[in-house]
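See below for the structure under consideration.
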Amino acid sequence: MKAYETVLGLEVHVELATKTKIFCSCTTQFGGEQNTHCCPVCTGMPGTLPVLNKQVVEYAIAAGLALDCTITQKCRFDRKNYFYPDLPKAYQISQLYFPICRDGGIEIETESGKKTVGIHEIHMEEDAGKLVHDPWGDCTLVDYNRCGVPLIEIVSEPDMRSAEEVIAYLEKLKLILQYLGVSDCKMQEGSLRADINLSVREVGATELGTRTEMKNMNSFKAIARAIEGERKRQIELIEYGKKVIQETRRWDDNKDNSFAMRSKEDAQDYRYFPEPDLPPIEISDEWLEEVKKKQPELRDEKMLRYEKEFDIPAYDAAIITGVKQLAALFEETVALCGKPKEVSNWLMVETMRLLKEQEMEAENISFTPMQLAKLIKLIDEGKINRTVAKEVFEQVFKENVEPEEYVEKHGLGMVNDDGLLRSTIERILSENPQSIADYKSGKTKAMGFLVGQTMKEMKGKADPGKINQMLNELLRTF
Amino acid sequence: MKNITTLSALELGKLIKNKEVTVVEAVKAQLEVIRKRDASYHCYLTVMEQEALARAKEVQKQIDAGELDFSPLAGVPMAVKDNMCTKGTNTTCASKILYNFTPPYDATVIEKLNKAGAVIIGKTNMDEFAMGSTTETSHFGETKNPWNTAHVPGGSSGGSASAVAAEEAFYALGSDTGGSIRQPASYCGVTGIKPTYGTVSRYGLIAYASSLDQIGPIGRNISDCAAVLEVISGYDPKDSTSIDKDSYSYTEALVDDVKGMRIGIPKDYLGAGLDAEIRKSILNAAEVFRSKGAIVEEFDLTAVNYAVPAYYVIACAEASSNLSRFDGVKYGYRTENYEGLQQVYKNSRSEGFGAEVKRRMMIGAFVLSSGYYDAFYNKALKVRAIINEGFQKAFEKYDIILGPTAPQTAPGLGESLADPLKMYLSDIYTVSVNLAGLPAVSLPCGLDQKGLPIGLQLIGKHFGEKDIIRAAYSFEQAGSYIRPTLIVSEEGGIA
Chain P
1 MKAYETVLGL EVHVELATKT KIFCSCTTQF GGEQNTHCCP VCTGMPGTLP
51 VLNKQVVEYA IAAGLALDCT ITQKCRFDRK NYFYPDLPKA YQISQLYFPI
101 CRDGGIEIET ESGKKTVGIH EIHMEEDAGK LVHDPWGDCT LVDYNRCGVP
151 LIEIVSEPDM RSAEEVIAYL EKLKLILQYL GVSDCKMQEG SLRADINLSV
201 REVGATELGT RTEMKNMNSF KAIARAIEGE RKRQIELIEY GKKVIQETRR
251 WDDNKDNSFA MRSKEDAQDY RYFPEPDLPP IEISDEWLEE VKKKQPELRD
301 EKMLRYEKEF DIPAYDAAII TGVKQLAALF EETVALCGKP KEVSNWLMVE
351 TMRLLKEQEM EAENISFTPM QLAKLIKLID EGKINRTVAK EVFEQVFKEN
401 VEPEEYVEKH GLGMVNDDGL LRSTIERILS ENPQSIADYK SGKTKAMGFL
451 VGQTMKEMKG KADPGKINQM LNELLRTF
Chain H
1001 MKNITTLSAL ELGKLIKNKE VTVVEAVKAQ LEVIRKRDAS YHCYLTVMEQ
1051 EALARAKEVQ KQIDAGELDF SPLAGVPMAV KDNMCTKGTN TTCASKILYN
1101 FTPPYDATVI EKLNKAGAVI IGKTNMDEFA MGSTTETSHF GETKNPWNTA
1151 HVPGGSSGGS ASAVAAEEAF YALGSDTGGS IRQPASYCGV TGIKPTYGTV
1201 SRYGLIAYAS SLDQIGPIGR NISDCAAVLE VISGYDPKDS TSIDKDSYSY
1251 TEALVDDVKG MRIGIPKDYL GAGLDAEIRK SILNAAEVFR SKGAIVEEFD
1301 LTAVNYAVPA YYVIACAEAS SNLSRFDGVK YGYRTENYEG LQQVYKNSRS
1351 EGFGAEVKRR MMIGAFVLSS GYYDAFYNKA LKVRAIINEG FQKAFEKYDI
1401 ILGPTAPQTA PGLGESLADP LKMYLSDIYT VSVNLAGLPA VSLPCGLDQK
1451 GLPIGLQLIG KHFGEKDIIR AAYSFEQAGS YIRPTLIVSE EGGIA
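Encoded structure:
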């Protein structure tokens, strides 16, 4: 078999996090009973007209700036005409001729090194509704709630060569968009959808092979599987002397296989033309400046800043900034209690352990910066020891308890009663003459045993440092 | 209570305000006339008898409470072309495909009329989806010209123009995409204004060609039209193509004074194809202006010679997209005869649309299809820009442009549809105004030997409505309104 190279380009649809739809004031909230988030405009009733949501333009500009694009300061919408029941106007308002952003790029890093994936364009468009098949009534129903939810489509250049690069690109893209607040990018809810254009060619070839477009992957893992499956399928065709047909294919993750949806021959002519109901969008220098000023700090900058400002290891900074919510949790906690290293440790060790144990994503952490800050303060003030702190944190993480209340309610506070400690140690020493003898003959192990016994008696609520100190003192008197 | 229906809208408004006539009396009188005449003319698709009477009482209360003192049109019955959405009342575009469509909302113009105390008395007939120049493409049968029922009223707002001429409404709203207000106004001997694109909100107007459509008034004189335009114009946040201007007080322009006004007549509007009688009538009108102190001269406006093909490419392209939503899925007509989705689309649309609409949608789909876009659609956009430039240049020299509205008077019923190309060419003097987005008025300037009205067209610069209203008013003062001899049928009913 010859050696083949896979050429990959992505079309990523991202649902924008605006409160209202792109051309009307209906809510964009996910879920909701069918056909309750719609109005005459988004259901395309005769005579209605679209009015552009300015926030959509700002989010698209923000994404474009973060992806190093040129902003098309005079852009406009076009109509894409096709019939389908989920598209009530029978055209989608989109952008073909003058997309809002062009010519950008994202730097990705994989095991094979760093590279830049080009962004061909970003355009704004409206989402369609959803068809629901009713098996009981043997009919198909339409839910228009999603109609008119704003999307941006980010089209990459065919610059990727492996599934690994595709995942790196998507992860980076997702983080950038989340940091911008432009989208929550939840693949499961469909707010980030990636279509993959894939072709193969012999290593060294300069011409691109015939590509297929793959749809319907709803996780990164499914994307990786789909790429592998399609790569194999195309190479097999070529090896058997057959041709790859330019077509759209639908990935079925359960069957680990893809199926042809439509070929280029029966591809529709969308008869694009300028949307006459919306005037061209003029993005003035001032407006552009305004959006630029509002750009938040993105992941790469944040990572560097954490290393410098908080003096935490690069590895920790990468993990913490890897999820927007985690970074926010970190910064807000540090703002409340200082001690960045301590905060970082709680996130890196205990939080990660619990996330894994609970099979949770960091996005869904529910405890507050204040709760973590208070816990750290309790340790700091010597009110609980670290062992107890871990127990409390687990409750904070799982049940959202207030650390101070929990410690008090369960009597977990450190016992600072020196008299009690002294009498306890004296009792333990008198009950364990052998251990004293061992200690005096130089067996240091005995010391550990005595500390352990004391801690057990004190129900874990004593300061281990103090136990050591007092034991040493009292052993001398025996 | 007799003969109030021959009054102008403003005259009736004054009587109502002075409590000489109640709104209910006015509405009843209007309904009575409709009952007697509409079987002969068929201006209406829906007569809103119950709604109008209920509304009349409501408006009377508001008038009595002094809430409508600002509105000279309060209580005056009027008609609306059936392509403007009226909440709860059928809005069909005279098409089978929308035969049962009841909008869930009111068009902005309807909201504005309601605020001004208007009483909508019915929805008027039109060419199907406003495509046609005769009102014969209506799925519900043609409207007849009140001057001669063997002739068409023009179109597409033929029902509105005919209703105003036949005194079945005091005034009406029409829509004008390529002449659909001005040409029927001309054929029916009444006055109609097509405002500057962006002056009147299109929200709730079922689109034919979005970049050309404008709603405007049809009345028995320019004063009524100016008063109505004042009510319906203005920026609408629901229509992004509507434009915010500081002044909409068009009635201020009702002044008999054209002294020093510079009026240009395009030679291209007087050449081959123009009926000799109309030519004479237009030149007579020019003389009237000259005698009142205006400066009138002829000039070249060659760009308009390409207006008809450019218009049909652009209008059909937009229509093919705008009318795609009528697919039998959500509302309107659905075929009974289908298996699967493709057949729902194909059969509903094949059975639901008439021939002229299908022709235009096919032309439109063709000019936008891949490989033809540049040769047709893009080229038409270039022509549009050139026409716009031609007018801009002309308006550096002239305040208004004068010419005929149509090359002929109303053709006989059945004459036009046999030769669509000829029908398209008859839009020659009106379509360029829509392409350039300019305001224009058509007003009666005489009758031909057949006794059919001739229309004079006055075109203004962008947002120059006041110039053409002033000129039209001055012209009106030099003559008097001629009404047709109307049919009175005692046993007639509502069609």
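Residue numbers (my numbering), protein chains in the order written: chain P, 1 to 478; chain H, 1001 to 1495.
A virtual CB, placed ideally from N, CA and C, is assigned to each residue, including glycine.
Values in this document were obtained by computation on a predicted structure and should not be read as measured data.
Item: Under 9 Å (Cβ pairs) to chain P, residues found in the segment 1085 to 1101 of chain H; Value: C1085, T1091, C1093, L1098, F1101
Item: Y169(P) to R161(P) span [Cα, whole Å]; Value: 11 Å
Item: Where the alpha helix (DSSP H) containing Q1343(H) begins and where it ends; Value: 1341 to 1352
Item: L141(P) burial status per 10 Å Cβ neighbour count (16 or more: buried); Value: exposed
Item: Beta-carbon neighbours of V51(P), restricted to chain H and to distances below 7 Å; Value: P1237, K1238, S1240
Item: Spatial distance of V117(P) from D269(P) (CA atoms); Value: 30 Å
Item: Beta carbon proximity, G44(P) to chain H, threshold 9 Å; Value: yes
Item: Where T1335(H) sits in the DSSP three-state scheme; Value: coil
Item: Three-state secondary structure assigned by DSSP to W287(P); Value: helix
Item: Cα-Cα separation, T1484(H) to V1164(H); Value: Sequence check: residue 1484(H) is Pro here, not Thr. P1484(H) and V1164(H): Cα-Cα distance of roughly 11 Å.
Item: Straight-line Cα distance separating Q34(P) from S1324(H); Value: 24 Å
Item: Residues bridged to W251(P) (per DSSP); Value: S258(P)
Item: Residues bridged to Q1457(H) [DSSP beta-bridge criterion]; Value: G1403(H), S1442(H)
Item: Start-to-end residues for the alpha helix (DSSP H) that takes in S156(P); Value: Careful: S156(P) lies outside any alpha helix (DSSP H), inside the beta strand (DSSP E) at 150 to 156.
Item: Residue environment, R262(P), which counts as buried when at least 16 other CB atoms sit within 10 Å; Value: exposed
Item: Coil, strand or helix - I106(P) by DSSP; Value: strand
Item: T20(P) at chain H interface by Cβ criterion, 9 Å; Value: no
Item: beta-carbon V401(P) near the ligand MG non-hydrogen atom, thresh 8 Å; Value: The ligand MG is not part of this structure, which contains no ligands at all.
Item: Beta-carbon spacing of S1201(H), D1236(H) below 9 Å; Value: yes
Item: Between the CA atoms of E1230(H) and G1198(H) - distance to the nearest angstrom; Value: 14 Å
Item: Residue nearest to D78(P) in terms of C-alpha spacing, selected from L175(P), L67(P), C69(P), L96(P); Value: L96(P)
Item: Helix, strand or coil at G1492(H) [DSSP, three-state]; Value: Caution is warranted here: a pLDDT of 40 is assigned to G1492(H), below 50, making its placement in the model unreliable, and no coordinate value can be reported.
Item: Neighbouring residues, chain H, relative to K130(P) (Cβ below 9 Å); Value: Chain H residues near K130(P): none, gap ~14 Å exceeds 9 Å.
Item: Three-pair Cβ contact test at 8 Å for the segment 1422 to 1437 of chain H versus the segment 1306 to 1325 of chain H; Value: yes
Item: Residues of its chain near L1443(H), where Cβ-Cβ distance is below 6 Å and the 5 sequence neighbours each way are ignored; Value: T1191, L1456, A1472
Item: Sub-9 Å separation of C1085(H) and Y1105(H) beta-carbons; Value: yes
Item: Neighbourhood of L1452(H) by C-beta, 6 Å cutoff - its chain only, sequence neighbours within 5 removed; Value: W1147, T1409, A1410
Item: Segment limits, beta strand (DSSP E) that includes C139(P); Value: 139 to 143
Item: Proximity of L474(P) and L412(P) at Cβ, strictly below 9 Å; Value: no
Item: Residue range of the unbroken beta strand (DSSP E) whose run includes S94(P); Value: 91 to 94
Item: Candidates I1487(H), T1241(H), F1463(H), S1008(H): closest to C1225(H) by CA position; Value: S1008(H)
Item: Proximity below 9 Å, CB of V1357(H) to CB of F1129(H); Value: yes
Item: Euclidean distance between Cα positions of S1040(H) and A1150(H); Value: 11 Å
Item: Alpha helix (DSSP H) segment containing R476(P), residue limits; Value: 464 to 477
Item: G1446(H) and I1454(H) closer than 9 Å at C-beta; Value: yes
Item: C-beta contact flag for G148(P) and K21(P) at 9 Å; Value: yes
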